[in-house]
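Chemist:
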Amino acid sequence: MTEEIIIAGFGGQGVLSMGKIMAYSGIMQNQEVSWMPSYGPEMRGGTANVTVIISDDRISSPILNKYDTAIILNQQSMDKFESTVKPGGMLIYDPNGISRHPSRTDINIYQVEAAKQAAIMKASKTFNMVVLGAFLKLKPIINLENIEKGLKKSLPERHYHMIPMNIDAINQGSEIVKAIHVL
Amino acid sequence: MTEEIIIAGFGGQGVLSMGKIMAYSGIMQNQEVSWMPSYGPEMRGGTANVTVIISDDRISSPILNKYDTAIILNQQSMDKFESTVKPGGMLIYDPNGISRHPSRTDINIYQVEAAKQAAIMKASKTFNMVVLGAFLKLKPIINLENIEKGLKKSLPERHYHMIPMNIDAINQGSEIVKAIHVL
Amino acid sequence: MAKVKGTIVVDTETCKGCEVCIPVCPTNVIAMSAKVNSKGYNYMNLVGEDCTGCTNCAVVCPDGVITVYRVKV
Amino acid sequence: MAKVKGTIVVDTETCKGCEVCIPVCPTNVIAMSAKVNSKGYNYMNLVGEDCTGCTNCAVVCPDGVITVYRVKV
Amino acid sequence: MKELRLMKGNEAMAEAAIRAGFDGYFGYPITPQSEVMEHLQKERPAIRTGMVVLQAESEVASINMVYGGAASGKNVLTSSSSPGISLMQEGISYIAAAELPCLIINVVRGGPGLGDIQAAQSDYFQAVKGGGHGDYRLIVLAPSSVQECSDFVKLALELANKYNNPAMLLSDGAIGQMMEKVELFPQQPRWTLEEIRKKKPWATNGRLFNQERHIVTSLHLIPEKLEAHNNHLQAKYKEIEKNEVRYEEIKCDDAEYIIVAYGLASRTAQKTLQLARAEGIKLGLIRPITLFPFPKIPISTYAEKVKGFLTLEMSAGQMVEDVRLAVNGRVPVEFYGRTGGMLPAPDEVLAVVKNVFKI
Amino acid sequence: MKELRLMKGNEAMAEAAIRAGFDGYFGYPITPQSEVMEHLQKERPAIRTGMVVLQAESEVASINMVYGGAASGKNVLTSSSSPGISLMQEGISYIAAAELPCLIINVVRGGPGLGDIQAAQSDYFQAVKGGGHGDYRLIVLAPSSVQECSDFVKLALELANKYNNPAMLLSDGAIGQMMEKVELFPQQPRWTLEEIRKKKPWATNGRLFNQERHIVTSLHLIPEKLEAHNNHLQAKYKEIEKNEVRYEEIKCDDAEYIIVAYGLASRTAQKTLQLARAEGIKLGLIRPITLFPFPKIPISTYAEKVKGFLTLEMSAGQMVEDVRLAVNGRVPVEFYGRTGGMLPAPDEVLAVVKNVFKI
Amino acid sequence: MNIEMIKPENLVYTKTKLMTDNALSYCPGCGHGTAHRIIMEVIDEMGIQEDTIGIAPVGCSVLAYEFMNIDMQEASHGRAPALATAVKRLWPDKYVFSYQGDGDLAAIGTAETIHACNRGENIVMIFINNGIYGMTGGQMAPTTLPNMKTATSPYGRDVKEMGHPLKMTELIAQLPGTYYVTRQAVHKPANVRKTKKAIRKAFELSKENVGVCFIEIVSNCNSGWKMRPNEANIWMEDNMFPFFPLGDIKVDGQLITK
Amino acid sequence: MNIEMIKPENLVYTKTKLMTDNALSYCPGCGHGTAHRIIMEVIDEMGIQEDTIGIAPVGCSVLAYEFMNIDMQEASHGRAPALATAVKRLWPDKYVFSYQGDGDLAAIGTAETIHACNRGENIVMIFINNGIYGMTGGQMAPTTLPNMKTATSPYGRDVKEMGHPLKMTELIAQLPGTYYVTRQAVHKPANVRKTKKAIRKAFELSKENVGVCFIEIVSNCNSGWKMRPNEANIWMEDNMFPFFPLGDIKVDGQLITK
Ligand SMILES: Cc1ncc(C[n+]2csc(CCOP(=O)(O)OP(=O)(O)O)c2C)c(N)n1
Ligand SMILES: Cc1ncc(C[n+]2csc(CCOP(=O)(O)OP(=O)(O)O)c2C)c(N)n1
Ligand code: SF4
Ligand code: SF4
Ligand code: SF4
Ligand code: SF4
Ligand code: SF4
Ligand code: SF4
Ligand SMILES: [Mg+2]
Ligand SMILES: [Mg+2]
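In C-alpha cells, the structure reads:
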C-alpha cells in the first residue's frame, strides 16, 4: 500500500499539522511516511500545502506532481491541484469559499463542509480533523487508534485534553462527507 | 643572445636594484628582460636573490634552476648557487665574507673585491655597481650608454647626481675583476 | 477659531487589519469591520462623524492605505 | 643602606643591535660593539663598571638577550 | 527499544549532533536550516550532555569558532545554507589545511547570490572541489532521507576524526524541511579528557606537564615544507578515496542505462526507476553517498556494461563532470537538471531518459 | 611612441586599471599583491583620472564595495590573494547572480589555509568552477607575463562589460612580483555619464526623470523565476564559451605530445619545449588564456592527432580535469604538478614527459 | 463618510507616489512599512528621487526595492554600508542611504557599520531595531533584550551565556565620522512625525558632506515577538524604550550629554 | 664584567623558559618581542603554562607560536576572538588569550572583536597597536595617525578620504562585557613593568570569569614607520601617545572618568 496525498489550503487552516498527524499515525502502524511542506515565501503568501506519503515500502520521491488524493481547502489550491490527481484518484474539498468547483470526470470527488461543521461544533480549531475524518472514511488506511497515538505524539502534553474533541471531529467528518462524483 | 643570471647575497647589498638596472638597460637596447626576485620571508631571513634574464627573443621561463652566470655575494648564496651554474658558465663572487671558495672546475670563476673597493671609494652604496662593472667586463652584453639610461629609469630624479659616481664604480669593477679559474 | 472637519478613504482591499490605527484616532471614529477583504483581513472603517482629518491614522498605518481629507468649516 | 652591584650577560649572537637598551641604563655602562655578530648586527656590550643590576636593559630588550645578576655589597 | 520519531531533516541533524556526543555547535541563522540551532537550543544540550551551543555574530565567526574548538580537541560542528557557507570558505580552507576534524552542514538553497530558499544542489563544486583556496578536500556526505540526516552526522564525525579532516553534510532545503520517520541512535558519551588526550594528541588544550606543547597552524612559510604538507594531504585524500567510498546501487545488475543522482534527486530517480521498469525499460540507479570520495570505480565498472548514463541534479550540471571523468568517454553521459529550487519530477525524468537514449 | 616600462606584474595591473579607465578600486592589503593598491595610491589616480581608490576594512567589504560600485554603473575592480579571495566568495556569487560587470584580481599564493606567499595555481577550481554557492561562472583570464597583466586588465573590463559578468584575472605571486618590459597602452577616458546611461541602462545611479527606476538584486523568491534566471545565465555562459575562448598554441602542428599549462607554468612549459625539441621530441604546448571559457575544442581537436597530453600545474591537479573532460578518454592525459609555491623547472618537466610517455 | 469633502483641494494626506503600488510583504502592523513610507515622503518632498540610491540588504526588508520607487540595490547580509560607501564615492552628488535591520547592522555587518561610520561616509543610515531576526523566523539578535524569548533563546536571552543587548547606535555615535545620530520610533503619530523630521534632517545634512547621519528606529516585530501589533507596540514602549531610549544622541557632530 | 657575580643565587633577570630558544622573527627593536616575553613571564610566574592556550592570527606575530612555549593556535586574519571564544567555552577551566595587531583587531576583525567583548567572553585580549600593517609591508591601519605616511597613504592619511584613526579600545570599553580595559606601552622599563602588572591582573581576573580583560599595547613598527628603533619610540611618545593616551580605561567593570 502506498498513498500519496496533497493537502492544500490557507495557512492557519491546520494543513501542516493535519499532515503531521497522518504521518505520525502512519509510523504508529509501522509504515513508512514522509511529510514535505511548502515553506518560505510561498507560505507568507498565505497558502500552505504539504505532501504526505504513507507506504508499506521505502518511499522514493517525497516530492510528487501526481497524487492519489488531493485534499483541497481553498480556491487557489483547487486551481493548482485539481489537475494533479491521478486518473481514478480522489479529490476531497470543502466547498466553503470555493467559486469554481472541480470538474474532472475521471476521478472521485467528495465534499466535506468542514468549516461549517467546525463552526457548528464551536471548535474552529478542529476544522482540519473534520477533514481528516472525511478522508479516513473514504480511505481507512489508518485506524483510529493509531490516529490517537499520532495525535499524542504531535501534541504537547498540555494539549492532551483536546484529544477527545479532535476524535469527535474526525467522527463528524466521516459522517458528513458526501460524494459528488464517483467513478 | 640569451643571458640567464642569478644575483644572490644579503638584503641591503643592492642585489635587487643591481638586477633592476641590468633589466632596464636591456630594455634600452631593445631586448627582452625579466627580473624575478625572491620575496617574502626568504628576504626577512636576510638573504636576497634575483634572477635576471636578458634575451633577444621572447623569454620563456623567468624562473630557472641553471644559470649562465651566477653573481654571488655571500657564503649562504655560494652554498646555494655554485652548483647551479651551467657547465661552461661563469661565477663571479666577492671574496669578502666567503669562507668556502668555489671549487668547480667546469666553469669560469672570477673574483671581484667589490666591498673592499667600495670602501676604498668611500661609497659603500656603489658596492653593487662595482660588481656590475666586473660582470660587464666579462660579458659586455649591455653597453655603458644603455646602463646609464637604465640607471636613469630606475633612479628617482633627485638621485640623478649620483649617476657619475655609479658609472665610476662600474669602471672600477671592470678593472679589478680577476680570473680565478678559466676554462 | 475655525473648526475643521475631515474624512478618510481607506483602501480596504490593501488594509491588513493590524489595528494600529485604531488607538491613535483622537475622536474614536474608526473601527474594524466584521467582514474580511479578499485577503482574509478584517479591514478598518470610518464609523463615526467626528473625523477631524488629523491624519494620525494615516501617519501610523504601516501599509499606507489611508487617504485623509480636511476642510475648514 | 646597602649598596648593590650588578652585571649583565648578553647573548651577543642573538642581539639584533636595536639599541633600545642603551638609553635606559641609568649608569650608562652599556654600548654597541664595533664588531658585528654572525648575523651582521653590532651587538650590545657592558662597557662600564657601574652596573647596578637594575634590569632596565633586560626588561626593554625585545629579544630577551640580557641576563642580569646583582649582589648586595 | 527503537526510538522512532517524525522529524524534519534539520531537527534530526541537531538531535544527532547531541547524541553523537558533539561538544559544541556554533552557527548563525539562515533559512532553510535555522531549525538546526533552534532544535539545539530547545533541547538544552548544556544540560543533556554538556554540549556548548552558541549563536555567533556571523558565519565567518561561526567557522572560526569551529576552527578554535576543533583545534582544542573538541568535537564541534556548524551549519548554514549556501550564502553562509560561501562566507566560510576561508575558514574551511584553514581547517582543512590544519587537518582539524569537524563537521560543516550545508542545507543547500537556490543560488547564485541571494537566490531563493528552496532546495537545490548547486553547491556541489564548492563542496567537492573546494570553494576555498588551495588544494584541499572535505569528506562530503549527501543524505537523501531524514534517517540519513541523523545517521550521517554520526558517521561524518567518525570519518572526520579518523582522517583528521573536516567533513561536510551536503543536504538541501527540502530534506531539511521535510519530516520522515527516524530511528534515533542512542546517546553516545562525549569524549572524556583522557580520550581527547589519547585520540587527539596534537590538540591545543593546555600543554601537559613536561610534555611537548602543541601548535595548530596552517602556515608553512618555506615552500618545500608547504609542498611536503600538501603531499601529505594528497596522500591522505588518496587514502580516503581508497577506503571511504560509499554509494548505493539499485537495479544496476541488468541495467542498460543508469541514472546517477545523489540526495533528494536520487529519490526522484528511484521513482523514475519504478516508472521505467513498469514500462520495461532497464534503468538502474547509482546514488553516490560520499561525494568526496566519489564512487569513481563503480561507475567506471558499469561503464563497461551499460549503454549510457544520465546524471540527474538540482543544478545546471556539476556532479556530471565527475561522472564523465569516471566514465572517460566509454559511453555517453547525459545530463538533466533543474535549478533555482525547482524539483525534477519522476515522469519528467523518465521522459528525458527516453529522449536522450532514444528509447 | 611606445611607452615601455620595467614593472612588476602587480604594478602593471594597477597602472592598467588607471589607463583602462576604471572608476574605482576597493581592496585590502595582502601579500603578494599589496603593490596593486600601493601603486594606485602612489599614482594619485584621483588626480590623474578621477578614479576612486579606497582601502576597505576587509576583503568582505572590498567585494561588496565592488558590488555597489558595479551596480551603480561604474567600472570597478578589486584585488587580493587566495585567502582574501576566499572571503569574497559570497560577494562574488551575488555579483555573478546580479550580472554586474567588474574585475577581481587573484594573485594566487600557496595554500590551503595561510600556506605561504609564494606563487601557486591552486585556486583554479575556485575561479573556474565557482568557489561561491550556486551555478555561476566568472570570465577567467590567466596572464603569463607582465605585459599580459597590463593587457588583460583592459581586456577583462571589455569582456565583463560585454557580457555583464564579473571577470577574474588569475595571476600568481611570481607574476605579481617579477618585473618585465611592458608596453603600456594609452590612457582610455573614463566613461561619461552619457556613456554609462547608454551602456549600462540597468544601473542604479538615480532614476531618470519620468523613466523606470532600476533595481539590482539577486533575489528571485519564486523558484520558477530563479530557474528562468539560471537558464538565462547558463545561456550567457554558453555564448561566452562560443565567442571568447582564447588560447595560445606553440608547435602543436607536428606535435606527438602536448603540454597544457597556463600562466607561469606555461612559461616553464615553453622552456621545456625548447629542451625537448633540442632532443628531437615533438612536444607542443597549448596555453589556455581564458580558463573560463576553457579551450575545450582545440584540445579536443588535438586529441585526435597526438599520443598524449601532460597537464602541468602549480597545484595538486585541478585544470587537468578540464583537460580530461575535453579529451574524453581518447588519449592519456597525464598530470604533473608542484605545490606550495614550489615551481617546476623545465628539465624536471622534460624528465616527466619522457617518463610518462615512455619516450 | 463625507463624499463631497473628497476633492483634491481638501487632500491632506495620501500615500506618496514614491511608494509603489505593490502590496507590502510585511506582517500586519510591522513598522517597516511606516519607515519605508516616511523615507519616501522625505525624498518626495525634497524632490530628490532622481538623485537618490537606496540600499537594503537581507532581512524582512529585503524586498524594499519592490516598494520604494527609486533606484535600489539589494545587498548581501550585513554589507549595505560597503555598497553605500562605493556608490557615494563614485557618485558624490547623489544621495545614498542604507536601510538595515538589527541582525544585519549589528551582528554580521558590525565591521562594515563601524568602518563606514568611522570613515565618515556621507550617507544616511537607517537602522530598524526590532530586537530580533524577523526574516528568518524570530531568532535572537544582538539587540534582543535580556530574558527575551526567541527561537534561538527559547528560555530567554541569558546575558551571561549569550551576551548583552548591543547599543550599536551609542557606539557609532562615539566615532568622529558620525555627525547626526538619533533614535526614534514609528508606532505613534507623534513619533512618526518626529522620525520623519529626523530623516529629512539627515538627508539635508547629507548634501553638506558632514559624515554619516544615522537614524535608529526602534520598531516592533509582532510576528517574531508573537504578539498582536498593538500589544507589541505597548510591549515595545515598556521594554524596548527603557533600554533603547528615544532621542538625539549626537547633533552637529557633538554628543548630547545628559 | 664581573665573572664571580654570575651565579644562580645572584640572578635577578633572565629570559623565561616559556620563551622558546628560536630567534624572534621581528625586526630589531620591535615591541612584539617584549610583549611576548612579559606575557610568558606572567604565565610562568602564575604557573599556568599547562592551562593556557594562546591564539595569534596573521600579522607580524603570526609566528608567535614559534616563540611562546605554550599551546598555541594560529588564527586567520582578524578571527582570534572567535577561536578564543570557542576554546574558552569548551574548556572553561583554561586560560585563553588572544594576541592581535591593529589591522587584525580593528579592521578585518572588527565584528569578532566587538562581539567577543559584548558577549563578555572570559578571555584576555592583547592588542598590539603600532598604527600600521607591519606584516604586509607597512600599509595604513585603522589606527594610523592623521597625515601619517604609509605604503597605502603615501601622501599621508587624509582623514577626509581615509577616515579617522579608530580608538577601538575606548569603543570596546563601552561594552558591558568588558571588565578591565587598559592601554599601555613596552618601550621603557617603567612601561614594561606596568604593562606586565596589567597582564597579570588580566589573567588573574580571567580566572574569575568577569568578562573580557583587554590590554592595548601601543608599540612601534620601526620598519613600517621607516625609522630607527629609538627614533621610532620617541616618535611614538610624541605622536601616538597624545592620540592613544596610556592608562586604565575601565577597571572593575567601571569606566574611568577623567
Ligand atoms: C550570509 C547570510 N547569512 C544569513 C542569512 C539569513 N538571514 C537573512 S535576514 C537575517 C537577519 C534578519 O534580521 P534583521 O537584520 O534584524 O532584519 P529584520 O528581518 O528583523 O527586519 C538573516 C540571519 C543570509 N541571508 N545571508
Ligand atoms: C584574509 C586575509 N587578508 C589579508 C591578509 C594579509 N595580512 C596579513 S597580516 C595583515 C595585517 C597586519 O597588520 P597588524 O594586524 O596591524 O599586525 P602587525 O603586523 O602590524 O603586527 C594583513 C593585511 C591575510 N593574511 N589574510
Ligand atoms: S484622520 Fe484623525 S480623526 Fe480622522 S479617522 Fe484618522 S485619526 Fe481619526
Ligand atoms: S493601520 Fe492601516 S493596515 Fe492597519 S488596520 Fe489600520 S488601515 Fe488597516
Ligand atoms: S642592569 Fe641596569 S645598570 Fe646594569 S647594564 Fe642594565 S640597565 Fe645598566
Ligand atoms: S635591546 Fe637587546 S637586542 Fe637590542 S641592542 Fe640591546 S641587547 Fe641587543
Ligand atoms: S517578521 Fe517581524 S519584522 Fe518581519 S515583517 Fe513580520 S513583523 Fe515585520
Ligand atoms: S614590520 Fe614592524 S611590527 Fe613587524 S616585526 Fe618589523 S617592526 Fe615589528
Ligand atoms: Mg531585526
Ligand atoms: Mg599593526
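Top line first, the protein sequences correspond to chains A, B, C, D, E, F, G and H. FYI, this note's numbering numbers position 68 of the first sequence as 432, with every residue one higher than the one before it. FYI, this note's numbering numbers position 92 of the second sequence as 456, with every residue one higher than the one before it. FYI, this note's numbering numbers position 45 of the third sequence as 194, with every residue one higher than the one before it. FYI, this note's numbering numbers position 52 of the fourth sequence as 201, with every residue one higher than the one before it. FYI, this note's numbering numbers position 42 of the fifth sequence as 77, with every residue one higher than the one before it. FYI, this note's numbering numbers position 215 of the sixth sequence as 250, with every residue one higher than the one before it. FYI, this note's numbering numbers position 15 of the seventh sequence as 216, with every residue one higher than the one before it. FYI, this note's numbering numbers position 115 of the eighth sequence as 316, with every residue one higher than the one before it. For glycine and all other residues, C-beta sits at the position ideal for the given N, C-alpha and C.
(1) Please list, in chain order, the chain G residues whose beta carbon lies closer than 9 Å to that of F:Tyr102.
(2) Given the structure, does E:His168 come close to ligand 8, in the sense that its CB is under 7 Å from one of the ligand's heavy atoms?
(3) Just reading off the beta strand (DSSP E) that B:Ala372 is part of, what are its end residues?
(4) At the 8 Å Cβ level, is F:Gln269 part of the contact set with chain H, yes or no?
(5) Kindly list the residues whose CB is nearer than 7 Å to the CB of E:Arg83, restricted to its own chain and excluding five residues on each side of it in sequence; keep chain order.
(6) At a cut-off of 7 Å, is C:Cys167 close to ligand 4 when judged by its beta-carbon and the heavy atoms of the ligand?
(7) Just to confirm before moving on: does the CB-CB distance between F:Lys109 and F:Gly59 stay below 8 Å?
(8) For H:Leu306, decide whether its Cβ has a neighbour in chain G, counting only Cβ atoms nearer than 8 Å.
(9) Relative to the C-alpha of E:Pro118, which candidate in G:Thr215, G:Val259, G:Gly448 has its C-alpha closest?
(10) Tell me whether G:Pro229 counts as near ligand 3, meaning its Cβ is closer than 7 Å to at least one heavy atom of that ligand.
(11) Taking 8 Å as the threshold (beta carbon to beta carbon), is H:Asp245 in contact with chain E?
(12) Going along chain G, which residues have a C-beta under 7 Å from H:Leu367?
(13) Identify every run of the beta strand (DSSP E) within the region 318 to 346 of chain H, keeping only runs that are complete inside it and at least 3 residues long; order them along the chain.
(14) Answer yes if the region 285 to 298 of chain E comes into contact with the region 264 to 275 of chain E, meaning at least three C-beta pairs across the two stretches below 8 Å, and no otherwise.
(15) Where do the N-terminal and C-terminal ends of the alpha helix (DSSP H) with F:His264 fall, by residue?
(16) Figure out for me which residue from A:Lys542, A:Ser381, A:Met392, A:Ile462 has the closest Cα to the Cα of A:Leu508.
(17) For B:Gln481 and B:Gly497, what's the separation of their Cα atoms in angstroms?
(18) Should the region 499 to 514 of chain A be regarded as contacting the region 533 to 547 of chain A, the criterion being three or more beta carbon pairs within less than 8 Å?
(19) Whose C-alpha, out of F:Gly372, F:Gln309, F:Glu183, F:Thr325, is nearest the C-alpha of F:Phe220?
(20) Tell me, please, whether the region 302 to 312 of chain E touches the region 255 to 273 of chain E by the rule of three or more beta-carbon pairs shorter than 8 Å.
(21) Whole alpha helix (DSSP H) runs in the region 372 to 455 of chain G with 4 or more residues, listed along the chain?
(22) If the criterion is Cβ atoms closer than 8 Å, does the pair H:Ala399 and H:Gln385 meet it?
(23) List the residues of chain H whose Cβ lies closer than 8 Å to the Cβ of F:Met72, in chain order.
(24) Using beta carbons (cut-off 8 Å, strictly below), is F:Ala311 in contact with chain G?
(25) Note down, in chain order, every chain H residue with its Cβ under 9 Å from the Cβ of E:Asp58.
(26) With H, G and I counted as helix, E and B as strand and the rest as coil, what does DSSP make of F:Glu134?
(27) Please work out which residues of its chain come closer than 8 Å, Cβ to Cβ, to A:Lys542, disregarding the five sequence neighbours upstream and downstream, and give them in chain order.
(28) According to DSSP, is F:Phe392 part of a helix, a strand, or is it coil?
Modeler: Let's see:
(1) Your numbering for residue 102 of chain F matches position 67 in the sixth sequence. Those are Gln274, Ala276, Ser277, Arg280, Ala283, Leu284, Ala287, listed as they occur along chain G.
(2) Counting from 1 along the fifth sequence, the entry for residue 168 of chain E is found at position 133. Distances taken from the Cβ of E:His168 to the heavy atoms of ligand 8 include none shorter than 7 Å.
(3) Here the question's residue 372 of chain B lines up with position 8 in the second sequence. Here the beta strand (DSSP E) through B:Ala372 covers 366 to 374.
(4) Here the question's residue 269 of chain F lines up with position 234 in the sixth sequence. Taking Cβ atoms only, chain H never reaches closer than 8 Å to F:Gln269, which makes this a no.
(5) Sequence index remark: in the fifth sequence, residue 83 of chain E carries index 48 (1-based). Counting only Cβ-Cβ distances below 7 Å, and skipping sequence neighbours, we find Ile53.
(6) On the third sequence, residue 167 of chain C is found 18 positions in, with the first residue counted as 1. Yes, the beta carbon of C:Cys167 sits closer than 7 Å to at least one heavy atom of ligand 4.
(7) Locating residue 109 of chain F in the sixth sequence gives position 74, where the first residue counts as 1. Locating residue 59 of chain F in the sixth sequence gives position 24, where the first residue counts as 1. F:Gly59 is positioned such that its CB atom lies closer than 8 Å to that of F:Lys109.
(8) For this step, residue 306 of chain H is matched to residue 105 along the eighth sequence. Not one chain G Cβ lies under 8 Å of H:Leu306.
(9) Sequence index remark: in the fifth sequence, residue 118 of chain E carries index 83 (1-based). Taking only the C-alpha atoms, the option nearest E:Pro118 is G:Val259.
(10) Your numbering for residue 229 of chain G matches position 28 in the seventh sequence. Outside the cutoff, so no.
(11) What you label residue 245 of chain H is simply residue 44 of the eighth sequence in a count that begins at 1. No, H:Asp245 lies away from the interface with chain E (no Cβ there is under 8 Å from its Cβ).
(12) Within the eighth sequence, residue 367 of chain H is the residue found at index 166, counting from 1. Result: Asn319.
(13) Secondary structure remark: continuous beta strand (DSSP E) runs of at least 3 residues inside the region 318 to 346 of chain H, in chain order: 325 to 330.
(14) no
(15) Indexing the sixth sequence from 1 puts residue 264 of chain F at position 229. Its alpha helix (DSSP H) spans residues 258 to 278.
(16) The residue labelled residue 508 of chain A in the question sits at position 144 within the first sequence. That would be A:Met392, whose Cα lies nearest to the Cα of A:Leu508.
(17) By 1-based counting over the second sequence, the position of residue 481 of chain B is 117. By 1-based counting over the second sequence, the position of residue 497 of chain B is 133. Cα to Cα, B:Gln481 sits roughly 12 Å from B:Gly497.
(18) yes
(19) For the purposes of this step, residue 220 of chain F is taken as residue 185 along the sixth sequence, with counting starting at 1. Nearest option by C-alpha distance: F:Glu183.
(20) Too few Cβ pairs lie closer than 8 Å, so no.
(21) Qualifying alpha helix (DSSP H) stretches, in chain order: 390 to 408, 423 to 426, 430 to 436.
(22) For the purposes of this step, residue 399 of chain H is identified with residue 198 of the eighth sequence, where counting begins at 1. For the purposes of this step, residue 385 of chain H is identified with residue 184 of the eighth sequence, where counting begins at 1. Against a cut-off of 8 Å, the Cβ pair of H:Gln385 and H:Ala399 comes out as a contact.
(23) Along the sixth sequence, read from residue 1 onward, the residue named residue 72 of chain F stands at position 37. What F:Met72 touches in chain H: Gln340, Thr353.
(24) Here residue 311 of chain F corresponds to residue number 276 of the sixth sequence, with the count starting at 1. Cβ-Cβ to chain G under 8 Å: no for F:Ala311.
(25) Here residue 58 of chain E is taken as the residue at index 23 of the fifth sequence, counted from 1. Neighbours of E:Asp58 on chain H, chain order: Leu291.
(26) For the purposes of this step, residue 134 of chain F is identified with residue 99 of the sixth sequence, where counting begins at 1. Correct three-state label for F:Glu134: coil.
(27) As a working note, residue 542 of chain A is residue 178 in the first sequence. Closer than 8 Å at the Cβ level, and outside the excluded window around A:Lys542, lie Tyr474, Gln475, Val476.
(28) Sequence index remark: in the sixth sequence, residue 392 of chain F carries index 357 (1-based). If DSSP states are grouped into helix, strand and coil, F:Phe392 belongs with coil.
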